[in-house]
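What follows is a set of notes on a single structure, which appears directly below.
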Amino acid sequence: MYYVVKPLNNNVAIVKDGKHDQAVVMGGGIAFQKRKGDTIHRSQVEKIFTLKNGESENNFLTLLKNVPLDFITACYEIIEEAKTVYHYPVQEYIYVTLTDHVFLNYQNYKKGTYEKSKLPDLRKDYPVEFKIGEMGVKKLNEKLGISFPDSEISRLALHFINAKSTSNEDQKIELNKRELITLVQNELKKHGIVRTTSNENYFNRLMIHLTYLLERVDLENDSDTTFTKKFEKQLSEDYPTAYQIGTAIYEKINDFIGREMAKSERVYFTIHIQRLL
1 MYYVVKPLNN NVAIVKDGKH DQAVVMGGGI AFQKRKGDTI HRSQVEKIFT
51 LKNGESENNF LTLLKNVPLD FITACYEIIE EAKTVYHYPV QEYIYVTLTD
101 HVFLNYQNYK KGTYEKSKLP DLRKDYPVEF KIGEMGVKKL NEKLGISFPD
151 SEISRLALHF INAKSTSNED QKIELNKREL ITLVQNELKK HGIVRTTSNE
201 NYFNRLMIHL TYLLERVDLE NDSDTTFTKK FEKQLSEDYP TAYQIGTAIY
251 EKINDFIGRE MAKSERVYFT IHIQRLL
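Residue numbers (the UniProt record's numbering): 1 to 277.
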């Protein structure tokens, strides 16, 4: 038996079980006219995703505001399968970043503006992550009625590469998020980039990336790889202005934390900024 904490719509609710662990449960009409404290029988539940902490709940609620439920469900299933079938340890933020990525690319696909990935083939260097990417693309195509090309496999794999949990995770530095985000926003203003009604979604995505960057940064782990360097070179040639601004932000954050982050962060800054130009 589950106890309703918060009904989200007729088919989704946040619940607690007998051990007071929280989860998101889904099922047809499962939360219809339910209120806090009401019960939901386990036989009514079609899908369930465990919420480890308040961060997990906030992530789900944030996604639910902007992303259709079937996209969230598909991406959560990909992550859960990566954890259970491939025994792949991930950090919490991947639930947001992967879902956000998939929904954005789906929208581009429907509008005819989808661009195939320029990432190199990761099959040889990251075989497990590549298999997860293959599984993910297959699941997305089946569940969402879309035909993502094979190049999307490397994009999904890259999300898992960057979100892989490490043994040094508990040694992450505590940084002042508000101060750093203000620092980045000031740098963006220098280049005429501010939050507007038209770019709000892209701007917020960059702010989310920065927030999770501070939580996941590992001072003793440099994840730079050959493909990161190749991709970075390609971005600098294709998007010189975004790369220049991304480099300025990358260097300012390095100064803020007192040492150098992995180069892959500069890649992500460049991609986010290109969307804002």
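Glycine included, every Cβ here is placed at the ideal spot set by N, Cα and C.
Euclidean distance between Cα positions of residue i and residue j
i	j	result
residue 271	residue 44	42 angstroms
residue 167	residue 99	The predicted position of residue 167 is uncertain, since its pLDDT is 47 and thus under 50; a value taken from the coordinates is nonetheless stated next. Residue 167 and residue 99: Cα-Cα distance of roughly 25 angstroms.
residue 163	residue 192	31 angstroms
residue 73	residue 273	28 angstroms
residue 38	residue 95	28 angstroms
residue 257	residue 34	47 angstroms
residue 92	residue 111	30 angstroms
residue 156	residue 5	32 angstroms
residue 118	residue 108	16 angstroms
residue 197	residue 177	24 angstroms
residue 246	residue 138	33 angstroms
residue 265	residue 40	43 angstroms
residue 82	residue 127	13 angstroms
residue 52	residue 7	18 angstroms
Rounded Cβ spacing between residue i and residue j (contact assumed at less than 8 angstroms)
i	j	result
residue 86	residue 132	6 angstroms
residue 2	residue 15	4 angstroms
residue 23	residue 49	6 angstroms
residue 263	residue 232	6 angstroms
residue 275	residue 202	4 angstroms
residue 184	residue 210	6 angstroms
Residue j beta carbon less than 9 angstroms from that of residue i
i	j	result
residue 26	residue 57	no
residue 78	residue 136	yes
residue 179	residue 252	no
residue 160	residue 114	no
DSSP beta-bridge partners of residue i
i	result
residue 26	12 and 47
residue 7	13
residue 90	164
Contacting residues, own chain, Cβ-Cβ under 8 angstroms from residue i (five flanking each side not counted)
i	result
residue 70	143 and 144
residue 67	99, 100 and 103
residue 10	29, 30, 31 and 32
Cβ neighbours of residue i in the same chain (closer than 6 angstroms, five flanking residues each side left out)
i	result
residue 123	130
residue 206	272
Neighbourhood of residue i by C-beta distance below 7 angstroms, restricted to the same chain and skipping five residues each side
i	result
residue 267	228, 231, 232 and 235
residue 241	277
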